[in-house]
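So the structure is just underneath, and the comments pick up after that.
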């Protein structure tokens, strides 16, 4: 029988360095495809743990997960489909770590992926959010290598993303008004930049992302489409507070 992970706050010898949070909802084929690479290229131990959150899948994913016996991995089976935003917050709230890494079941990591994220995060104390290039979006699909590096960007998606605990303590968690994962990442990165944090994109390496598969999964869900409208409302609020001088921080354009 799989034993539940002994979750501890970081500090002293019990310090948790990275808490990786893997979100899945149906598409067992993609979940297996993604986890295969994750366990192949990642070491999990007492200081680097993994939490897998299943958002009430109905395709056999839950039954498959409970049969696994991975060390330093905790599996949470939600009784309701809460949406990716609430699930991400659920994972970050559950384990107190120095770095949170958000992962989704429609991506596949490469060797040293976590090292790339951590290296970028520690280049500057103001860097609070780090994303890995998805299928060479930043570097270019032509394979050109002239743009490799770390770049400040307006936002990064949460397919494979590191978030510092210091940033979470400063600006809070993802806004759960975006309950079905549309523009929540845009708002969160905008909020971080308003408070003076840097949001960067790492192009030393890229992850393989089945973005279209995720899009097809959501389709034209009416609960997903209003996200852009909510984002515009949130942006107006932050812009107003910034103009009124009610936010203590330094805007990073």
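In this note's numbering, the protein residues as written are 44 to 296. Glycine included, each C-beta is placed from N, C-alpha and C at the ideal position.
CB of residue i within 9 Å of CB of residue j, strictly
i, j, result
"residue 136", "residue 61", "no"
"residue 40", "residue 63", "Lying before the first or after the last residue shown, residue 40 is absent from the chain, which here runs from 44 to 296."
"residue 151", "residue 76", "yes"
"residue 171", "residue 235", "yes"
"residue 108", "residue 118", "yes"
"residue 129", "residue 222", "yes"
"residue 147", "residue 232", "no"
"residue 304", "residue 138", "The question about residue 304 has no answer here: the residues shown for the chain are numbered 44 through 296."
"residue 220", "residue 273", "yes"
"residue 127", "residue 66", "yes"
Close beta carbons around residue i, own chain, < 6 Å, minus the five adjacent residues each side
i, result
"residue 205", "142, 144, 160, 164, 173"
"residue 106", "none"
"residue 103", "71"
"residue 271", "226"
"residue 277", "230"
"residue 84", "152, 154"
"residue 282", "none"
"residue 88", "115"
Extent of the continuous beta strand (DSSP E) run through residue i
i, result
"residue 300", "Because the chain is modelled from 44 through 296, residue 300 falls outside the range shown and cannot be assessed."
"residue 116", "116 to 120"
Simplified DSSP assignment, three categories, for residue i
i, result
"residue 150", "strand"
"residue 101", "coil"
"residue 186", "Because residue 186 carries a pLDDT of 44, less than 50, the predicted location of this residue cannot be relied on, and the following value inherits that uncertainty. The answer is coil: DSSP assigns residue 186 none of H, G, I, E or B."
"residue 126", "coil"
"residue 220", "coil"
"residue 109", "helix"
"residue 228", "helix"
"residue 176", "strand"
"residue 237", "helix"
"residue 273", "helix"
"residue 134", "helix"
"residue 289", "coil"
"residue 283", "helix"
For residue i, the first and last residue of its enclosing alpha helix (DSSP H)
i, result
"residue 67", "That residue, residue 67, is in no alpha helix (DSSP H); its beta strand (DSSP E) goes 61 to 67."
"residue 138", "Per DSSP, residue 138 belongs to no alpha helix (DSSP H) and is neither H nor E."
"residue 159", "156 to 164"
"residue 209", "208 to 214"
DSSP beta-bridge partners of residue i
i, result
"residue 194", "244"
"residue 203", "146"
"residue 88", "91"
"residue 170", "241"
Neighbourhood of residue i by C-beta, 8 Å cutoff - its chain only, sequence neighbours within 5 removed
i, result
"residue 58", "90, 141"
"residue 82", "113"
Same chain only: Cβ atoms within 7 Å of residue i, ignoring 5 sequence neighbours per side
i, result
"residue 125", "98"
"residue 134", "64, 94, 96"
"residue 214", "234, 235, 238"
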